[in-house]
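Working notes for the structure below.
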Amino acid sequence: MSERCFLAIDLGAESGRVIAGLFDGQRVRLDELHRFRNGPVDVAGTRRWDVLRLWTDIQDGLAKAAEKYGDSIVSVGVDTWGVDYVLLSKHEELLGQPYNYRDPRTTGMIEYATSKVPRSEIFAATGLQFIPINSLYQLLGMQQKDPELLASADRLLMMPDFFHWLLCGSRVIEFTNATTSQCLNPVTRDWAVDMLRKLEIPTHIFPEVVSPGTKLGPLREEVARATGLPRLDVVTPATHDTACAVAAVPTSHTGRANWAYISSGTWSLIGVEVQEAILGEEALAQNVTNEGGIDGTYRLLKNVMGLWLVQECRRSFERAGRSYDYEELTRIASEAEPFKALIDPNDESFLSPADMVEAIQNWCRSHGEPVPESDGALVRCALESLALKYRQVLEGIERLTGEKVEVIHVVGGGSKNALLNQLTADACGVPVIAGPTEATALGNVLVQARAAGEIGTLADIRSVVQKSSELETFEPAEKAAWNDAWERFTALTR
Ligand code: LRH
1 MSERCFLAID LGAESGRVIA GLFDGQRVRL DELHRFRNGP VDVAGTRRWD
51 VLRLWTDIQD GLAKAAEKYG DSIVSVGVDT WGVDYVLLSK HEELLGQPYN
101 YRDPRTTGMI EYATSKVPRS EIFAATGLQF IPINSLYQLL GMQQKDPELL
151 ASADRLLMMP DFFHWLLCGS RVIEFTNATT SQCLNPVTRD WAVDMLRKLE
201 IPTHIFPEVV SPGTKLGPLR EEVARATGLP RLDVVTPATH DTACAVAAVP
251 TSHTGRANWA YISSGTWSLI GVEVQEAILG EEALAQNVTN EGGIDGTYRL
301 LKNVMGLWLV QECRRSFERA GRSYDYEELT RIASEAEPFK ALIDPNDESF
351 LSPADMVEAI QNWCRSHGEP VPESDGALVR CALESLALKY RQVLEGIERL
401 TGEKVEVIHV VGGGSKNALL NQLTADACGV PVIAGPTEAT ALGNVLVQAR
451 AAGEIGTLAD IRSVVQKSSE LETFEPAEKA AWNDAWERFT ALTR
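Under UniProt numbering, residues 1 to 494 are what the sequence shown spells out, in order.
What follows is the structure, given as structure tokens:
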């Protein structure tokens, strides 16, 4: 079979890409056509995304795709990070400059929400972990800060759905990203209307929810004209980047909880795949999440602060006149003394600090840990603490599923970090299989290929990924030192 081309628009918190996925029926290869910067834009004490610049970049990427692959392109679809949304007025006016989930208006909103609706009721209705970034707390922040804007909204679109609207005019929300909002019941697939009413959030703004692989319609005529593409179909992949990444985990054990994944990037999303959402008391107590996946699967996981810690340290170093690329940062960390200082990566002070180095040092000072001073020591502290946090989350998840995790698949850009992979294997005491780094784009492309009738099941998608990727295994080594570190870490994070 000749290769067919599916275009993935993959937007991450640090960069966006337009990628061609070329599928020959057995294997898939990716061709990155356009990469562009993304990041928060600080505006008068608020944090936003520059969605119009992203849209310009997307169109530039599509023009490159038209030039290179023209008529062989079957469809195009967008995935992005979760939780962020855009509001449209009745006349399809973009309302305000969309917020970044690290904007401070969510401070105190979990407490506010749970003072009106009990925590257990919110969890039963949405299955989601309580973290301030969720759309629910962003909406409550907006309701308090700018009620007029919220009142003039006719439609809420999650970030990828907004770009689908720009591409083809669709005004629906795809299921996987919707499940990150904490406004949707992941089991019934309906908006959690009772809860939303109790919180006085307008419910008419939430649109129809569609499944991954839904054909949304042809490209807008003006987009086709501007990019030189034919009026090809816009097809929803799993629009949540983590859903795409987990769909592309190269395992042959679909449907079992004895393998875990870490989708490693700005965040580390760590957990297992389950067939039913786990909503009991213990899940609530552990503050885990049930995000919707493809084919009725759920990602039982927890957000760990992830490589954001290192990205932000890098920004601090840069401000102080010391520039590193990520490889150099990993090298200086591997040369630093092990277990000098440990932190709880999920402490809220790391979510959006003015300066990450200061935040880490302050945390160590206030928790009686030695204060890391050198750049290498700071990065090592972040990486070792992440690895220990992974163990803590996995032990909790094993208690919930009753199944022992025997192997961890690390996918995404962070899987290139060999030091973190080894630390993860050591801390968790199981092998780590690293790769593919491009899991999200692969998942996006293959869900579109499936919508075109070219692949069957989720297991088939994973088998294509397995055949198409080079993977590296990291065996657990070090024991004693990690056990000591583990005791220290659990005491610190109790
Ligand atoms: C990772 C991710 C994660 C969300 C966060 C906002 O990119 O989608 O799953 O929790 O971004």
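We put the CB at the ideal spot given by N, CA and C, even for glycine.
None of these values were measured; they are calculated from a predicted model.
From the options, residue whose alpha carbon lies closest to that of residue i
i	options	result
K64	F317, V18, R48, Q26	V18
K467	G25, R37, A8	G25
P104	F350, I278, S469	F350
R429	P436, N421, G435	The identity of residue 429 in the sequence shown is Gly, whereas the question assumes Arg. Looking at the Cα atoms, N421 is the closest of the given residues.
T179	R197, S211, A113	S211
N417	A449, R399, L383, V445	L383
W259	E395, A124, K389	E395
L139	M109, I131, E121, D10	M109
F474	G453, P431, D484	P431
L33	T188, A441, D50, P132	A441
V74	Y112, D50, P230, A192	P230
I58	L11, L458, D146	L11
G402	I278, E478, R494	I278
C168	T236, R102, M356, E148	T236
A13	R29, P40, C5	P40
residue 496	A459, Q144, G443, F23	In this structure the chain extends from 1 to 494, so residue 496 is not present and cannot be described.
L52	G265, A354, N38	N38
R319	E3, I397, V187, A354	A354
K116	K198, C183, A425	K198
R322	K340, A285, G376	G376
S385	D347, L62, E67	D347
Endpoints, the alpha helix (DSSP H) within which residue i is located
i	result
H164	159-168
A224	221-227
N177	175-178
Y85	Premise fails: Y85 lies in the beta strand (DSSP E), 85-88, not in any alpha helix (DSSP H).
S334	326-335
K389	375-401
K116	109-116
E200	Element bounds for E200: n/a, residue is neither H nor E.
L94	Where L94 is concerned, there is no enclosing alpha helix (DSSP H), given that its DSSP letter is neither H nor E.
L419	418-428
A485	480-493
V249	V249 -> no alpha helix (DSSP H), and no H or E assigned at all.
P147	147-151
residue 497	With the chain running from 1 to 494 in the structure shown, residue 497 is simply not present.
Residue i vs residue j beta-carbon contact at 9 Å
i	j	result
N177	P160	yes
C313	V379	yes
A248	V465	yes
G255	E273	yes
L216	S170	yes
L7	G21	yes
L342	E373	no
S263	R462	no
M142	Y99	yes
A283	L400	yes
L301	V223	no
G306	R299	no
L309	P338	no
T297	L150	no
A485	A427	yes
Q129	T289	yes
I122	M195	yes
S415	M356	no
E28	L446	For the record, residue 28 in the displayed sequence is Val; it is not Glu. Yes.
T266	Q182	no
Residues bridged to residue i (per DSSP)
i	result
E32	I19
L309	Bridge partners of L309: none, in fact.
N290	L300
E472	A434
V41	R48
G75	For the record, residue 75 in the displayed sequence is Ser; it is not Gly. In DSSP, S75 forms a bridge with F6, D233.
V210	E174
T242	The partner list for T242 (beta bridge, DSSP) is empty, contrary to what the question assumes.
W363	Note: W363 sits in no beta bridge, so no partner.
Start and end residues, beta strand (DSSP E) containing residue i
i	result
S268	268-274
A260	259-264
C5	4-11
F123	F123 -> not in any beta strand (DSSP E); alpha helix (DSSP H) instead, spanning 119-126.
I408	407-411
K215	215-218
A47	It is Arg, not Ala, that sits at residue 47 in the sequence shown. Its beta strand (DSSP E) spans residues 46-48.
How about the region 75-94 and the region 150-165: do they share at least three Cβ pairs that are nearer than 8 Å? yes
Please confirm if the region 146-157 is in contact with the region 85-93, defined as three or more CB-CB distances below 8 Å between the two stretches. yes
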